[in-house]
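Residue numbers (the numbering used here), protein chains in the order written: chain A, -14 to 104; chain B, -14 to 104. Beta carbons are placed, not taken as given, at the ideal position from N, Cα and C, and that holds for glycine. Values in this document were obtained by computation on a predicted structure and should not be read as measured data.
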DNA sequence: TCAGATAGGGATAAATTTATCTCTATTGAA
DNA sequence: TTCAATAGAGATAAATTTATCCCTATCTGA
């Protein structure tokens, strides 16, 4: 396990949100769980760019921040389901707001991002 | 200059926003510039945890994504001012929404974050 | 004249995050 | 009987991000 060497700044609400949402796949995980993709294997299929390992790690962090919960069914082959806690659900409108801004400016953003990758 | 080796996923609006806002200090920079702290030295004082170098780099990225603009006054000692473009300003309500959620859950988030740092 | 403010960049190191590969286990299907 | 699906974790490598240190320049004030 990795041990942090520097403490994060936690001044305002923005910093706090950053602490729990900062992670390459976290927002997408919350989003897809909210859409009903609850099993790890389903989430992996929805996010093929991420390795199994990293998704597990980020899910564990989301769980430790009480944004998602996990049910382990004692069956074989294993079955696990994640769900949004009430706390996690309260984030959905926020994520939705972010996504809407992105969708609204989709073309412009794509152009800008591509231009900046080549340079 | 660092050269990317992997391409980002750009499926939905959320991914696009991630590309331009993902960076330890970017949201704070946008926020403080919006609040009227426009000169690099002012921003550095507002964000003492970040090094001069990194702020410059992130400002440059924000500029390349057209969220901020930059005015260089030809004076000595040098004077530079950043400002939000209209595009950048359109992000302020989004950032505000994020910050509000964080402020609303301030105590809970702090507790959760601290608990997870020690473990 | 020397320190400090102003702005910025190169080289490099350190920290952090993400990816890859390998193992464990069990059941059902080909 | 061998392969795929299911879920998860350790060890390690690679990628990425952030920090540190040092240099350039000019003017003002002590």
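The DSSP-derived three-state label of residue 84 of chain A is helix. Comparing alpha carbon positions, the residue from B:59, B:15, B:78 closest to residue 48 of chain B is B:15.
Judged by DSSP secondary structure, residue 69 of chain B falls within the beta strand (DSSP E) whose first and last residues are 64 to 69.
Using a Cβ distance threshold of 9 Å, residue 51 of chain A and residue 95 of chain B do not count as a contacting pair. Flagged as an interface residue toward chain A: residue 51 of chain B, by a C-beta distance shorter than 9 Å. Taking 9 Å as the cut-off, the Cβ atoms of residue 1 of chain B and residue 87 of chain A count as close.
Counting the other Cβ atoms within 10 Å of the Cβ of residue 34 of chain A gives fewer than 16, which makes it exposed. Using a C-beta cut-off of 8 Å, the stretch 14 to 32 of chain B makes no contact with the stretch 64 to 73 of chain A, since fewer than three inter-stretch Cβ pairs fall below that distance. DSSP places residue 102 of chain A in the helix class (H, G or I) of the three-state scheme. Remark: C-beta atoms of residue -1 of chain B and residue 32 of chain A do not approach each other more closely than 9 Å. Assignment of residue 61 of chain B by DSSP, reduced to helix, strand and coil, places it in the coil class. Apart from the 5 residues on each side of it in sequence, residue -10 of chain B has no Cβ closer than 6 Å to any other Cβ in its chain. Taking 8 Å as the upper bound for CB-CB distance, residue 10 of chain A and residue 39 of chain A are in contact here, some 7 Å apart. The beta carbon of residue 14 of chain A sits no closer than 9 Å to any beta carbon of chain B.
Contact of residue 38 of chain B with chain A is not assigned, every C-beta pair being separated by 9 Å or more. By the CB criterion at 9 Å, residue 6 of chain B and residue 17 of chain B fall outside the cutoff.
DSSP places residue 18 of chain B in the uninterrupted alpha helix (DSSP H) bounded by 11 to 19.
One finds -2, 79 in chain A with Cβ atoms closer than 9 Å to the Cβ of residue 85 of chain B, taken in chain order. If you draw a straight line from the Cα of residue 13 of chain B to the Cα of residue 36 of chain A, it is about 30 Å long.
Cα atoms of residue 44 of chain B and residue 98 of chain A: separation of roughly 15 Å, rounded to the nearest angstrom. Between residue 84 of chain B and residue -3 of chain A, the beta carbon gap of about 7 Å places them in contact (Cβ cut-off 8 Å).
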